[in-house]
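Heads up: the sequence shown begins at 164 in our numbering, then just goes up one per residue.
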Amino acid sequence: MFNVLSSLFHANIEGAEFVTPDAAKEAMESGAIQTLIDVRTPGEFQQARIPGAIHIPLDKLASKMDSLKNRREESILLYCRTHNRSAMAAKYLSGEGFKNLKILNGGITSWASQGLPLEN
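As structure tokens, this is what we get:
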């Protein structure tokens, strides 16, 4: 049931695609992803984050649009704990004209479980 609902929600985000942690890491290393945005809370961000991430909590995203305007054409990877908040962020950014959005499938939880680099 969750997979069906999850896939329906995933299909509704224009201009965004879900990527695995390995694919995200490879795209970051090759320069195919230029911006990495962590949409978790400040407390979550302080505990651990993916190196190079910009912190913009989901509830502050609308107020930070001025700082993101010049990144509209960039490939942006969004992540949160699992991927629910990052999917909401992608939906919002898509509505603001961002066309090349990636969502880290499974979020930082999946990233960490695969032993990929974190900083704190």
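Built from N, CA and C at the ideal position, the CB exists for glycine as well.
- Figure out for me which residue from Gly278, Arg234, Ser273 has the closest Cα to the Cα of Lys262. Arg234
- Distance, Cα to Cα, Leu221 vs Ala252? 6 angstroms
- Query: Rounded to the nearest angstrom, how far is the Cβ of Gln277 from that of Pro184, given a contact under 8 angstroms?
  - Reply: 5 angstroms
- Message: Which complete alpha helix (DSSP H) runs does the region 178–205 hold, if anything under 4 residues is left out?
- Response: 184–193
- Message: Let me make sure I understand the geometry here. Which of Ser273, Ser238, Gly258, Val182 has the alpha-carbon closest to that of Ala195?
- Response: Ser238
- Message: Our contact map puts Ala187 next to Leu267 with C-beta atoms below 8 angstroms; I'd like the distance itself, whole angstroms only.
- Response: 5 angstroms
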